[in-house]
Structures are given as C-alpha cells and as structure tokens.
Amino acid sequence: MVETQEAVIRITPLAAEKAREILARYGKEHAAIRVYIKSGGCSGFQYGMAVDERELEGDTFVEMHGVRLVVDPMSLPYLVGSEIDWVESLMGGGFTVHNPNAASTCGCGHSFRTKDQEGEARTCGH
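Here it is as structure tokens:
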C-alpha cells in the first residue's frame, strides 16, 4: 500500500457526502472508493468507480472529507490532479471527474482522450 503526502486526486465535500451514503447503504463504511480508468468509451478511456475493501500492490490511497479513495498504479498517471464531484441533473445525480489530463471529453462526460492519444474521438453512444 502506498500512502501519499499530497492528494493526487481530490473529492469535493458534496461528492464525499454521497460516497459516504453509498458506503453506509451497503454496510461498507470502512471500504474505499476505487477510482480507475479503462480503455474504451467514446473518446478512448472510460472512468470507473467501485466500492473496494482490497489493498492491492501499488495502490495509492487518499483520505479526504471522511472518504478513502484508492487508485491503481496503471490509472494513476491519467488521474493525477483530478477532482471527483457530484452533479445533479434532470435525469438524477451522479459522480463526475474533472480531469486536467483530458485533452478532450465525450459529450456524455464518461470518457476522455489524452494529448498523446492519436485519432479522432468516436461518436458518443450515450
């Protein structure tokens, strides 16, 4: 487990409140919220979040506003400096990621492209 001196990823107070509610709902108050990226989505990478009680080799943990965030070593370079927020819309509420490493994002807000990715973004399927 790798602990960080500086928050490499942040969570807003509102998003932390919503995350704590989710953890409590599932009886996992001591678990972390794993934030990760995976290949795919309209723009090349997709964001993901999951409740996770594991501590995997190379994981980076950040505790903020009473919530523990965990990021795997493959996702970390793409998420450094990002902020997890909660947004409300007519369709309901959900988490969103404000990522300074994203050169472009899909209109759905669920995927992004970095400066070093080549090619055009695909049409949003959302």
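Numbering-wise (the UniProt record's numbering), the sequence shown opens with residue 1 and increments by one. From the three backbone atoms N, C-alpha and C, an ideal C-beta is built for every residue, glycine too. Quick caveat: nothing in here was measured; it's all calculated off a predicted structure.
Within the region 42-89, ranges of the alpha helix (DSSP H) (whole runs, at least 4 residues): 76-79
Alpha-carbon spacing of residue 69 relative to residue 29, whole angstroms: 13 angstroms
Residue environment, residue 90, which counts as buried when at least 16 other CB atoms sit within 10 Å: exposed
Contacting residues, own chain, Cβ-Cβ under 7 angstroms from residue 23 (five flanking each side not counted): 29, 31, 51
Residue 103 - DSSP class collapsed to helix/strand/coil: coil
Cβ of residue 10 within 9 angstroms of any chain C Cβ: Structure shown: chain C not included; a single protein chain is present.
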